[in-house]
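Heads up: the sequence shown is residues 7 to 444, going by the working numbering. Where a beta carbon is used, it is the ideal one built from N, C-alpha and C, also for glycine. Remember, it's a predicted structure, so these values are computed and weren't measured experimentally.
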Amino acid sequence: MNTPLVAIVGLPNSGKSTFFNKVLRTYKALTFPEEGTTRDRHYGLTSWNGFDFYLIDTAGINNKPDSELEKNVQKQTAIAIEEADLILLMVDGKSQVSAKDLAVAAQLNRAKKPKVLAVNKIDVRNQKSEVIARNFQKLGLGRPFLISSANGSGMGDLLDAVVTKFPKVTFVDEGDLRLKIAFIGKPNVGKSSLVNALIKQERLLVDNKPGTTRSTVEIPFQFDDQKFLLLDTAGIKKKWKSDDDVSAAAAMQSINTLARVDVVLFVLDAAAEITIQDQAIATKILESNKKVLVLLNKIDMLAATEREKFLDKLPHYLPKLWFAPVVYVSAKTQEGLKKMLQLVQEVVEKALVQIPQEELDGFLGKLLNENFPGKMDDQRAPKIYGLTQIRTNPPIFELAVNFPNAFAPAWKNLLEKQFRLRFGFEGSPIIIRYHKRI
């Protein structure tokens, strides 16, 4: 059977994202006191009592959206309710039962699916909390479970009730073989549109206004026989540290996403100029030592000659990403998406290559015959004793030398460039350590 989906729904600020993060023991969903922090649907795989299931965190239900963006937000919540196997209604236990609560309950009761009611923010159980529970029974969703997402009380009983409504036990796969790929870039370059084009549905909010995506969204996906986890991130603004709390937290979450993915897809807007912010993001990607592809999105807006001109500019604006494969893509026409996924797999495979020692010896000997490192003014003459690969993914090599500081940066750059020309490793970082031989 397919892994069950549990949609967490309710009014804004009822604690849905806090509950989601608590169960998953992560901070995938941003949580702030202001309403409307969550916009997209967030998926998280978890397990309870041997049951493997997905939680879906959703935006707060608003039956009277007052903008096109808010209408799209509500559409995402409606999709979550439709695709869920079980609906978990979260209400605010610090508030009285309201007309909005009754309207939401009536809406959910029309969905012919199992439902569980959770009364959140009950940090202390007492006589008053029991009265609150009885009041929420008028929603017609059965016995309310009193919980506190903040301190975890009552959540065990709630999860027991949730999993008993599943048809049978499914166990979590111990090995996650999914390739985790993150779409990274500044706002409005089309990251969410690319993800939507890949999965062929309006899974993520798309709007011309920068900053529509507020936090990293994870989406399971399969291409041929390979499983992926697509991570759509919030756009990283030029002055994100001085933005409002939500935007700053979203940008920080995007940067932190780099640490937990296999491949970074750096998205550029091919219909716009490369900016200082693009260059700053490229630096963050390089510092992460992650495999990377550069995606030139919105390529459908450029003629063939304009494409070549844009490609010719890349080495000037992004010189340190010269080793990354560049892919023309279009979320609108779906051009290049299949090639992109194939290249992701190729880059991952190449990073696992172990180079035979005899090939490394031959490469080093030829390089030193043609380009022996010169003596720096304030250093002893450099000597090199050998080159060894000490690990893969990312490939790390150790160059045995007499004095690591005796090598000029220009020669180090030459070594890496010649190394890549000889052995490839397109899209993968390579690390060459200068080790002093004793």
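Residues of its chain near residue i, where Cβ-Cβ distance is below 6 Å and the 5 sequence neighbours each way are ignored
| i | result |
| --- | --- |
| Asp91 | Pro10 and Leu11 |
| Leu51 | Tyr60 |
| Glu404 | Thr394, Ile396, Arg439 and His441 |
| Leu370 | Leu393 |
| Leu347 | Phe229 |
| Arg116 | none |
| Ile402 | Ile396 and Ile437 |
| Met7 | At Met7 the pLDDT is 43, less than 50, meaning the model places this residue with poor confidence; the figure from the coordinates comes in the next sentence. Around Met7: no qualifying Cβ. |
| Leu30 | Gly50 and Thr52 |
| Thr339 | Asp306 |
| Trp417 | Pro379 |
Cut-off 8 Å between Cβ atoms - residues of its own chain near residue i, not counting five sequence neighbours on either side
| i | result |
| --- | --- |
| Ile287 | Ile190, Gly191, Lys192, Ile242 and Phe272 |
| Asp129 | Ser154, Ala156, Asn157 and Ser159 |
| Asn295 | Pro400, Pro435 and Ile437 |
| Val178 | With a pLDDT of 44 at Val178, under the threshold of 50, the predicted position of this residue should be treated as unreliable, though the coordinate-derived value follows. Excluding residues within five positions, the ones whose Cβ falls inside 8 Å are Leu51, Ser53 and Asp58. |
| Arg443 | Tyr391, Ala406, Val407 and Asn408 |
Beta-carbon gap between residue i and residue j smaller than 8 Å
| i | j | result |
| --- | --- | --- |
| Gly146 | Lys127 | no |
| Pro331 | Val353 | yes |
| Val298 | Leu327 | yes |
| Ala357 | Pro400 | yes |
| Val125 | Val97 | yes |
| Ala203 | Leu343 | yes |
| Asp238 | Lys197 | yes |
| Leu95 | Leu108 | no |
| Ile227 | Ile205 | Correcting the residue type first, residue 227 is Phe in the shown sequence and not Ile. Against a cut-off of 8 Å, the Cβ pair of Ile205 and Phe227 comes out as a contact. |
| Trp54 | Leu165 | yes |
| Thr64 | Ala112 | no |
| Phe413 | Arg386 | no |
| Ile291 | Tyr49 | no |
| Leu421 | Leu373 | yes |
| Ile93 | Lys118 | no |
| Gly66 | Gly16 | yes |
| Ala188 | Thr83 | no |
Endpoints, beta strand (DSSP E) assigned at residue i
| i | result |
| --- | --- |
| Trp54 | His48 to Trp54 |
| Glu224 | Val223 to Phe229 |
| Lys304 | That residue, Lys304, is in no beta strand (DSSP E); it is neither H nor E in DSSP. |
| Ala13 | Leu11 to Gly16 |
| Thr394 | Ile390 to Arg397 |
| Lys233 | Gln232 to Asp238 |
| Phe59 | Phe57 to Asp63 |
| Met96 | Leu92 to Asp98 |
| Leu185 | Leu185 to Ile190 |
Cβ-Cβ separation, residue j to residue i (assumed contact under 8 Å), whole Å
| i | j | result |
| --- | --- | --- |
| Phe57 | Phe172 | 6 Å |
| Lys186 | Val79 | Not really, about 26 Å apart at Cβ, beyond 8 Å. |
| Pro388 | Val407 | 6 Å |
| Leu308 | Ala277 | 7 Å |
| Phe429 | Ile361 | 6 Å |
| Trp275 | Val195 | The displayed chain sequence assigns Asp, not Trp, to residue 275. Confirmed, Cβ separation roughly 4 Å. |
| Ile6 | Tyr323 | No statement about residue 6 is possible, as the shown extent of the chain runs from 7 to 444 and does not include it. |
| Val110 | Asn141 | Not quite, the Cβ-Cβ distance comes to about 15 Å (not below 8 Å), so this is no contact. |
| Met161 | Lys28 | 7 Å |
Endpoints, the alpha helix (DSSP H) within which residue i is located
| i | result |
| --- | --- |
| Lys22 | Lys22 to Leu30 |
| Val201 | Lys197 to Ile205 |
| Pro321 | Ala310 to Tyr323 |
| Asp107 | Ala105 to Asn115 |
| Lys81 | Glu74 to Glu89 |
7 Å CB neighbourhood of residue i in its chain, flanking five on each side removed
| i | result |
| --- | --- |
| Glu76 | Asn68 |
| Val335 | Leu200, Leu301, Leu302, Asn303, Ile305, Glu341, Gly342, Leu343 and Met346 |
| Asp163 | Phe151 |
| Glu432 | Phe329, Pro331, Val353 and Lys356 |
| Ala139 | Val125, Pro150 and Leu152 |
C-beta neighbour in chain D for residue i, strict 8 Å
| i | result |
| --- | --- |
| Leu271 | The question asks about chain D, but that chain is absent: this structure has only one protein chain. |
*Unbroken stretches of the alpha helix (DSSP H), 4 residues or longer, contained in the segment 267 to 298*: Taken in chain order, the complete alpha helix (DSSP H) segments of 4 or more residues contained in the segment 267 to 298 are 282 to 293.
*Let me know the alpha helix (DSSP H) ranges lying completely inside the segment 329 to 367, each 4 residues or longer, listed in chain order.*
Within the segment 329 to 367, the runs of alpha helix (DSSP H) at least 4 residues long that lie entirely inside it are, in chain order, 343 to 356.
_Complete beta strand (DSSP E) runs within the segment 120 to 180 (minimum length 3 residues, chain order)_ = Positions of the beta strand (DSSP E) runs, each at least 3 residues long and wholly inside the segment 120 to 180, are given as 121 to 126 and 150 to 152 in order along the chain.
*In the segment 400 to 437, which residue ranges form an unbroken beta strand (DSSP E) of at least 3 residues, counting only runs that do not cross its ends?*
Scanning the segment 400 to 437 for uninterrupted beta strand (DSSP E) segments of 3 residues or longer gives 402 to 407, listed from N- to C-terminal end.
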